[in-house]
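Structure, as structure tokens:
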Amino acid sequence: MSKKVHVQIQAGALCGAMEEISEQTVEIGENFTYENLLDILGINEGTVIVLNEGNAVPLDGIISSDKLTIMRVVSGG
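Counting with UniProt numbering, you get residues 1 to 77 for the letters of the sequence shown.
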């Protein structure tokens, strides 16, 4: 059985405000992990944090929500 997950992909911006990059709905399998979702979206897991209701989740955890935020982590020197 599959389910649909609504995903917002965001990136950090100046002054702490978040800038939305994209938003989409993805159909996933029942026991998909957050890592599986990132693979489907073609996103490198080392460059993002996945949030469920504002809380960071472990990438090997099973997706339990139908709304997620993926925040791109940007660093520089």
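Built from N, CA and C at the ideal position, the CB exists for glycine as well.
Note that the structure is predicted; figures quoted are calculated from it, not measured.
| Item | Value |
| --- | --- |
| Coil, strand or helix - I62 by DSSP | strand |
| N52 to T69 span [Cα, whole Å] | 7 angstroms |
| Coarse secondary structure for I40, derived from DSSP in three states | helix |
| Cβ-based burial, V7 [other Cβ within 10 Å; buried from 16] | buried |
| Coil, strand or helix - G54 by DSSP | coil |
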